[in-house]
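Taking UniProt numbering, the leading residue of the sequence shown gets 1, the next gets one more, and so forth. Here is the structure we will look at.
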Amino acid sequence: MLADQPEQRITSSVVTQELAQQAELQNKLIGLCMGETYPKVDSIKNLIEKGVDVNCDDENGMTPLLYLVEKTLNIDDKSSLLELLEFLIEKGIDVNSKNNSGDNALHLLCGNYKNDNLIDIIRRLIEKRIDVNCKDKEGLNALYYVCDHYKNKNLIDIIRLLIEKRIDVNCKDKDGRNALHLLCRYYQNDNLIDIIRLFIKNGIDVNCKTNSAENALYSLCWNFQNDNLIDIIRLLIDNGIDVNCKDKDGRNALHLLCRYYQNDNLIDIIRLFIKNGIDVDYNAISLLCTNYQKENCLQIAVLLNQHVSRCIIM
Numbered sequence: 001m002l003a004d005q006p007e008q009r010i011t012s013s014v015v016t017q018e019l020a021q022q023a024e025l026q027n028k029l030i031g032l033c034m035g036e037t038y039p040k041v042d043s044i045k046n047l048i049e050k051g052v053d054v055n056c057d058d059e060n061g062m063t064p065l066l067y068l069v070e071k072t073l074n075i076d077d078k079s080s081l082l083e084l085l086e087f088l089i090e091k092g093i094d095v096n097s098k099n100n101s102g103d104n105a106l107h108l109l110c111g112n113y114k115n116d117n118l119i120d121i122i123r124r125l126i127e128k129r130i131d132v133n134c135k136d137k138e139g140l141n142a143l144y145y146v147c148d149h150y151k152n153k154n155l156i157d158i159i160r161l162l163i164e165k166r167i168d169v170n171c172k173d174k175d176g177r178n179a180l181h182l183l184c185r186y187y188q189n190d191n192l193i194d195i196i197r198l199f200i201k202n203g204i205d206v207n208c209k210t211n212s213a214e215n216a217l218y219s220l221c222w223n224f225q226n227d228n229l230i231d232i233i234r235l236l237i238d239n240g241i242d243v244n245c246k247d248k249d250g251r252n253a254l255h256l257l258c259r260y261y262q263n264d265n266l267i268d269i270i271r272l273f274i275k276n277g278i279d280v281d282y283n284a285i286s287l288l289c290t291n292y293q294k295e296n297c298l299q300i301a302v303l304l305n306q307h308v309s310r311c312i313i314m
C-alpha cells in the first residue's frame, strides 16, 4: 500500500539502492566464509548487524555455513569452526541448506575436516536436527565421505554416532564402492578391525563388489600394512567374504598380498588363505619373489608352489 504522503513513499531508485547494498553485504559474508582461513566471529557479526541474511547463498547454492565446513584446513586451533558454528546457529542458520550438488553441511564436513574434534561438530549439527541420511546428487551420504577422507583413530566413534542416527551403511557410489571398500582402501590404524566389526554388526554388505568386481578383501590386501591384517582377514572370512574375488585382470587378494605386504607374518596370512581355498598360481610366486624382502621369502615360495592350482597369464 502506498504511503499517504508522497514524500513518505519509497521510490524504485531507493529500492534498487537497498537491494544493491544487501547484495554487497551478502557478497562480503560469502567472501569471508570462503576464504583460505576461518574468519573471526566479530567480522561476521558486524555484517549481520548491518542486516545481511545469514542464509544467503551464491550461484552454486553455497551458504556461509557450507563454505565454512568445506575447508580442508589442518590447524592447531580446533575451536575455530565450532565457535563459528555456534554463532551462526544463534543467528538462525539453516543447517539443512544444500548446494547445487545436493551436499549439506554434514557431507562437506565429513569430506574435508581433518581435526579430531570432528565428532563434536557433528554432534552439534545433529542436535540442530541436520538430516543425517541426506544423500547428494551422486547418492552419497556423510558416512561414505567420512570413511573416504577421515584418518584419525576416533573415526570409530563418529561412525558409531552416525549409525545410532540410522545412517545407511550400505550407501554405494557410482563405481559400486561402499564404506567398507573405502575403509580397507584408505584407513591405516590398528583399530580398523573394530570399525569393521561395528559395520558387520550393523548389516553392511561384506561381499559387496565394485563395478570392477573388487571386494573389501581385495582393497585391504592392496593397502593395509599393519600386523593385525591377519585378524581382519580372518574376520572377513568368518563373515563369508569371497577369498577368490578377482579384478578384471584376474588378480585376487593373494596376488596383491604378495606384491605389497612386507611384514614377517605374511606366511601366516598365506596359510590362512590356502586353508580357505584361495586360488594359488605361479603369478603369485613371481610377485612374491620380485617384491618381498624378508628372509623367509624362499619358505613362502615353497609353500605357494605346493598349492599351485593353475597359472593365469596376466
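Using N, Cα and C, we set each Cβ at its ideal position, and we do this for glycine too.
Do you know offhand how far glutamine 188's Cα is from phenylalanine 224's?
-> The sequence position of residue 188 within the sequence shown is 188, counting from 1. The sequence position of residue 224 within the sequence shown is 224, counting from 1. Approximately 6 Å, taken between the alpha carbons.
Since valine 308 sits in a beta bridge, which residues does DSSP pair it with?
-> On the sequence shown, position 308 is the one that residue 308 refers to. In the DSSP output, where bridge partners are listed per residue, valine 308 has Val280.
Cβ pair asparagine 265, isoleucine 230 closer than 7 Å | Along the sequence shown, read from residue 1 onward, the residue named residue 265 stands at position 265. Along the sequence shown, read from residue 1 onward, the residue named residue 230 stands at position 230. In contact: asparagine 265 and isoleucine 230 (Cβ atoms closer than 7 Å).
Roughly how many angstroms separate the alpha carbons of alanine 105 and leucine 180, rounded to a whole number?
-> As a first step, residue 105 must be located in the sequence shown, where it is residue number 105. As a first step, residue 180 must be located in the sequence shown, where it is residue number 180. For alanine 105 and leucine 180, the distance between alpha carbons rounds to 23 Å.
Can leucine 68 and cysteine 110 be called in contact, C-beta distance under 7 Å?
-> One-based indexing of the sequence shown puts residue 68 at position 68. One-based indexing of the sequence shown puts residue 110 at position 110. No; because the gap between Cβ atoms is not below 7 Å, this pair is not in contact.
Going by CA-CA distance only, name the one from Asn211, Val280, Arg234 and Leu235 that's closest to aspartate 247.
-> Locating residue 247 in the sequence shown gives position 247, where the first residue counts as 1. Considering only alpha carbons, the answer is Asn211.
Using the C-alpha atoms, what's the distance from asparagine 228 back to isoleucine 159?
-> Here residue 159 is taken as the residue at index 159 of the sequence shown, counted from 1. Here residue 228 is taken as the residue at index 228 of the sequence shown, counted from 1. Computed Cα separation, rounded: 21 Å.
Would you mind listing the alpha helix (DSSP H) stretches within the region 8-43 that are 4+ residues and don't spill past its ends, in chain order?
-> 12-33
Pick from Cys245, Leu82, Gly203 and Ala142: whose alpha carbon is nearest that of lysine 209?
-> By one-based count along the sequence shown, residue 209 stands at place 209. Per the Cα distances, Cys245.
C-alpha gap between valine 302 and isoleucine 121, whole angstroms | Counting from one through the sequence shown, the residue named residue 302 turns up at place 302. Counting from one through the sequence shown, the residue named residue 121 turns up at place 121. Looking at the two C-alpha atoms, the distance is approximately 53 Å.
Below 7 Å between beta carbons: does that hold for asparagine 141 and aspartate 190?
-> Counting from 1 along the sequence shown, the entry for residue 141 is found at position 141. Counting from 1 along the sequence shown, the entry for residue 190 is found at position 190. Contact: no.
Does the separation of the CB atoms of isoleucine 285 and leucine 304 fall below 7 Å?
-> In the sequence shown, counting from the first residue as 1, residue 285 sits at position 285. In the sequence shown, counting from the first residue as 1, residue 304 sits at position 304. In this structure, leucine 304 lies closer than 7 Å to isoleucine 285 by Cβ.
8 Å contact criterion, which cysteine 184 and alanine 216 should meet: CB distance rounded = In the sequence shown, counting from the first residue as 1, residue 184 sits at position 184. In the sequence shown, counting from the first residue as 1, residue 216 sits at position 216. That belief holds up - the Cβ atoms of cysteine 184 and alanine 216 are roughly 5 Å apart, short of 8 Å.
For glycine 111, the first and last residue of its enclosing alpha helix (DSSP H) | The sequence position of residue 111 within the sequence shown is 111, counting from 1. 105-112 is the span of the alpha helix (DSSP H), which, as asked, contains glycine 111.
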